[in-house]
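*Asks:* Just dropping this structure here.
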Amino acid sequence: MKIREVNENKKQFISLLLLADEQENMIDRYLEKGTMYVLEDNDVKAECVVTDEGNEILEIKNIAVDPENQGKGYGKALIDFLASKYADEYSILQVGTGDSPLTVPFYEKCGFVRSHNIPNFFTDNYDHPIYECGVQLIDMVYLQRCL
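Yeah, the sequence shown ends on 147 if you go by UniProt numbering, and it's all consecutive.
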(Lines of atoms letter the chains of each structure in order from A and count residues from 1; the text may use other names and numbers.)
(Lines give C-alpha, C1' and ligand atoms only; values in the text may rest on other atoms or scores of the structure.)
Protein backbone atom coordinates (compact mmCIF):
# COMPACT_ATOMS: atom_id res chain seq x y z
CA MET A 1 0.00 0.00 0.00
CA LYS A 2 1.34 3.41 -0.98
CA ILE A 3 -0.04 6.93 -0.50
CA ARG A 4 1.18 9.60 -2.88
CA GLU A 5 0.46 13.28 -3.45
CA VAL A 6 -1.18 14.29 -6.74
CA ASN A 7 -0.14 17.70 -8.05
CA GLU A 8 -1.40 17.62 -11.65
CA ASN A 9 -4.55 16.53 -13.43
CA LYS A 10 -6.50 15.98 -10.22
CA LYS A 11 -9.70 15.64 -12.25
CA GLN A 12 -8.50 12.25 -13.50
CA PHE A 13 -9.91 10.98 -10.19
CA ILE A 14 -13.33 12.61 -10.70
CA SER A 15 -15.22 9.32 -10.41
CA LEU A 16 -13.83 8.83 -6.89
CA LEU A 17 -14.29 12.51 -5.99
CA LEU A 18 -17.95 12.33 -7.02
CA LEU A 19 -18.54 9.44 -4.61
CA ALA A 20 -17.92 11.80 -1.71
CA ASP A 21 -19.29 15.00 -3.24
CA GLU A 22 -21.79 14.37 -5.99
CA GLN A 23 -21.86 17.83 -7.56
CA GLU A 24 -18.82 18.69 -9.67
CA ASN A 25 -19.03 22.47 -9.25
CA MET A 26 -18.79 21.96 -5.46
CA ILE A 27 -15.62 19.88 -5.98
CA ASP A 28 -14.22 22.67 -8.15
CA ARG A 29 -14.42 25.03 -5.16
CA TYR A 30 -11.63 23.21 -3.31
CA LEU A 31 -9.89 20.83 -5.69
CA GLU A 32 -7.14 23.11 -7.01
CA LYS A 33 -6.43 24.88 -3.72
CA GLY A 34 -6.40 21.59 -1.84
CA THR A 35 -3.72 18.95 -1.49
CA MET A 36 -4.75 15.62 -2.98
CA TYR A 37 -3.53 12.17 -2.01
CA VAL A 38 -4.32 8.82 -3.55
CA LEU A 39 -3.91 5.47 -1.86
CA GLU A 40 -2.69 2.73 -4.15
CA ASP A 41 -2.70 -1.00 -3.48
CA ASN A 42 -1.79 -2.31 -6.95
CA ASP A 43 -4.16 0.36 -8.31
CA VAL A 44 -5.95 3.39 -6.88
CA LYS A 45 -8.30 2.37 -4.07
CA ALA A 46 -9.00 5.73 -2.39
CA GLU A 47 -8.38 9.48 -2.51
CA CYS A 48 -8.62 12.50 -0.27
CA VAL A 49 -8.31 16.27 -0.59
CA VAL A 50 -7.34 18.49 2.35
CA THR A 51 -7.21 22.27 2.76
CA ASP A 52 -5.65 24.66 5.24
CA GLU A 53 -8.53 26.46 6.98
CA GLY A 54 -6.33 28.68 9.16
CA ASN A 55 -6.08 28.62 12.97
CA GLU A 56 -4.09 25.36 12.79
CA ILE A 57 -7.08 23.52 11.25
CA LEU A 58 -6.63 21.07 8.38
CA GLU A 59 -9.91 20.09 6.75
CA ILE A 60 -10.71 16.94 4.81
CA LYS A 61 -12.81 18.28 1.93
CA ASN A 62 -13.20 14.97 0.13
CA ILE A 63 -12.36 11.38 0.98
CA ALA A 64 -13.61 8.39 -0.94
CA VAL A 65 -12.87 4.70 -1.31
CA ASP A 66 -13.69 2.77 -4.45
CA PRO A 67 -17.01 0.97 -3.70
CA GLU A 68 -15.55 -2.50 -4.31
CA ASN A 69 -12.86 -1.78 -1.71
CA GLN A 70 -14.88 -0.16 1.07
CA GLY A 71 -14.62 -1.70 4.52
CA LYS A 72 -11.03 -2.83 3.97
CA GLY A 73 -9.36 -0.08 6.00
CA TYR A 74 -8.29 2.19 3.13
CA GLY A 75 -10.27 5.21 4.37
CA LYS A 76 -8.91 4.82 7.89
CA ALA A 77 -5.39 4.42 6.46
CA LEU A 78 -5.74 7.76 4.67
CA ILE A 79 -6.97 9.49 7.84
CA ASP A 80 -4.13 7.98 9.89
CA PHE A 81 -1.66 9.12 7.20
CA LEU A 82 -3.02 12.69 7.35
CA ALA A 83 -2.94 12.74 11.15
CA SER A 84 0.68 11.59 11.15
CA LYS A 85 1.89 13.76 8.26
CA TYR A 86 0.36 16.99 9.54
CA ALA A 87 0.69 16.56 13.32
CA ASP A 88 3.53 19.10 13.52
CA GLU A 89 1.75 21.73 11.37
CA TYR A 90 -1.85 21.58 12.61
CA SER A 91 -3.60 20.99 15.91
CA ILE A 92 -6.97 19.90 14.49
CA LEU A 93 -8.05 17.65 11.63
CA GLN A 94 -11.66 18.39 10.76
CA VAL A 95 -14.22 17.08 8.32
CA GLY A 96 -17.67 18.29 7.29
CA THR A 97 -20.21 15.69 6.25
CA GLY A 98 -23.90 14.98 6.11
CA ASP A 99 -25.62 13.61 9.20
CA SER A 100 -25.59 10.11 7.74
CA PRO A 101 -25.64 6.71 9.43
CA LEU A 102 -22.81 5.73 7.06
CA THR A 103 -20.30 8.53 7.45
CA VAL A 104 -20.63 9.89 11.00
CA PRO A 105 -19.95 6.51 12.71
CA PHE A 106 -16.95 5.98 10.40
CA TYR A 107 -15.38 9.27 11.48
CA GLU A 108 -16.19 8.61 15.13
CA LYS A 109 -14.40 5.24 14.87
CA CYS A 110 -11.41 7.16 13.48
CA GLY A 111 -11.24 9.36 16.59
CA PHE A 112 -13.36 12.34 15.51
CA VAL A 113 -15.95 14.01 17.76
CA ARG A 114 -18.83 16.25 16.73
CA SER A 115 -17.92 19.92 16.77
CA HIS A 116 -20.64 22.04 15.16
CA ASN A 117 -23.28 22.12 12.41
CA ILE A 118 -24.00 24.42 9.49
CA PRO A 119 -27.79 24.40 9.13
CA ASN A 120 -29.24 23.80 5.65
CA PHE A 121 -25.80 23.47 4.01
CA PHE A 122 -26.84 20.74 1.59
CA THR A 123 -30.23 22.23 0.74
CA ASP A 124 -28.70 25.69 0.21
CA ASN A 125 -25.62 24.65 -1.82
CA TYR A 126 -26.67 21.71 -3.97
CA ASP A 127 -29.02 21.84 -6.92
CA HIS A 128 -30.81 18.61 -5.93
CA PRO A 129 -31.64 16.72 -2.73
CA ILE A 130 -28.88 14.37 -1.58
CA TYR A 131 -29.74 11.11 0.16
CA GLU A 132 -27.47 8.67 1.94
CA CYS A 133 -28.88 5.44 3.39
CA GLY A 134 -32.37 6.80 2.75
CA VAL A 135 -31.70 9.93 4.84
CA GLN A 136 -31.84 13.35 3.17
CA LEU A 137 -28.74 15.36 3.99
CA ILE A 138 -29.68 18.86 5.15
CA ASP A 139 -27.17 20.17 7.69
CA MET A 140 -23.38 19.93 7.43
CA VAL A 141 -22.01 18.18 10.53
CA TYR A 142 -18.44 19.07 11.44
CA LEU A 143 -16.32 16.57 13.32
CA GLN A 144 -12.82 17.23 14.68
CA ARG A 145 -9.87 15.17 15.80
CA CYS A 146 -6.97 16.59 17.78
CA LEU A 147 -3.57 16.03 16.20
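Glycine residues also receive a C-beta, built at the ideal position from the N, C-alpha and C atoms.
Take the Cβ of residue 102 as the centre, count every other Cβ of all protein chains shown within 10 Å, and call the residue buried at 16 or more, exposed below.
*Replies:* Residue 102 is exposed by the Cβ-count criterion.
*Asks:* Using beta-carbon positions only, say whether residue 149 and residue 60 come within less than 7 Å of one another.
*Replies:* Nothing in the structure corresponds to residue 149, since the chain is present only between 1 and 147.
*Asks:* Per DSSP, which one or two residues make a beta bridge with residue 113?
*Replies:* Partner(s): 144.
*Asks:* Within the region 20-73, note down every full beta strand (DSSP E) run reaching 3 residues or more, in order along the chain.
*Replies:* For the region 20-73, whole beta strand (DSSP E) runs of length 3 or above, ordered along the chain, are 35-41, 43-52 and 57-65.
*Asks:* In the DSSP output, what is residue 92 paired with across the bridge?
*Replies:* Answer is 57 and 146.
*Asks:* For the beta strand (DSSP E) containing residue 150, list its first residue and its last residue.
*Replies:* The first residue shown for the chain is 1 and the last is 147, placing residue 150 beyond what the model contains.
*Asks:* Assuming residue 121 is part of the alpha helix (DSSP H), what are its boundary residues?
*Replies:* Start and end: 121-125.
*Asks:* Are the CB atoms of residue 3 and residue 39 within a distance shorter than 7 Å?
*Replies:* Yes, Cβ-Cβ distance for residue 39 and residue 3 is below 7 Å.
*Asks:* In angstroms with no decimal places, state the Cα-to-Cα distance between residue 73 and residue 48.
*Replies:* Their Cα atoms are separated by approximately 14 Å.
*Asks:* So what does DSSP say about residue 118, is it helix, strand or coil?
*Replies:* Reduced to three states, the DSSP call for residue 118 is strand.
*Asks:* Report yes or no: do the region 131-139 and the region 85-93 share at least 3 C-beta pairs separated by less than 8 Å?
*Replies:* In short, these stretches do not touch, since the Cβ pair count stays below three.
*Asks:* Please classify residue 86: does DSSP put it in a helix, a strand, or coil?
*Replies:* Coil, per DSSP.
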